[in-house]
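So the structure is just underneath, and the comments pick up after that.
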Amino acid sequence: GAPGFSGHRMARTLSEKGLETTVVSDSAVFAVMSRANIVVIAAHGVFSNGGVLARAGDHTVALAAKQHAVPVVVLAGLHELSPLGPGDPEFEMNDLLSPADMIGYTALADCLPLPASGAASSSGEG
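Numbering (my numbering), first residue to last: 277 to 402.
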């Protein structure tokens, strides 16, 4: 679904190839999974241990499929296969680094409100 509608595009492509497809919103996955024959999702990457780096929401879809014993097929290009995976020292994912490496803090100064000059003291007197 939204925001990129990649699921809709994939469903259209599969439908044009003669496969019957149904697009289901994330909120309805558990409700309709019992009627599904197969689940097809696209991956950003596939790791050496079989793990998949997929879009937000695909984990819930996979859990619903497992609960209803529906097979899940993951589509990925050869360029998305990784010899590394979680647990490998070279594998870096979700590193939380300072944004200063990309943009200086002074560049944000124009976006921030100016401090109030001569603001009244909050000493409680009065």
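Using N, Cα and C, we set each Cβ at its ideal position, and we do this for glycine too.
task: Quick one: grab the DSSP three-state call for Val337.
output: As a first step, residue 337 must be located in the sequence shown, where it is residue number 61. It is helical.
query: Within 10 angstroms of its Cβ, does Gly283 collect 16 or more other Cβ (buried), or is it exposed?
result: The residue given as residue 283 occupies position 7 in the sequence shown. Counting every other CB atom within 10 Å of its CB across the protein chains shown gives Gly283 a total of 16 or more, marking it as buried.
message: Looking at the strands, I want to know which residues DSSP matches up with Ile317.
response: Here the question's residue 317 lines up with position 41 in the sequence shown. According to DSSP, which records beta bridges pairwise, Ile317 is partnered with Val350.
message: Report the CB separation of Pro365 from Gly327 in whole angstroms; it is logged as a contact under 8 Å.
response: Mapped onto the sequence shown, residue 365 falls at position 89. Mapped onto the sequence shown, residue 327 falls at position 51. About 16 Å; that fails the 8 Å criterion.
query: Are Val322 and Ser358 touching if we call contact CB-CB under 8 Å?
result: The residue you call residue 322 lines up with position 46 of the sequence shown. The residue you call residue 358 lines up with position 82 of the sequence shown. A contact, by the Cβ cut-off of 8 Å.
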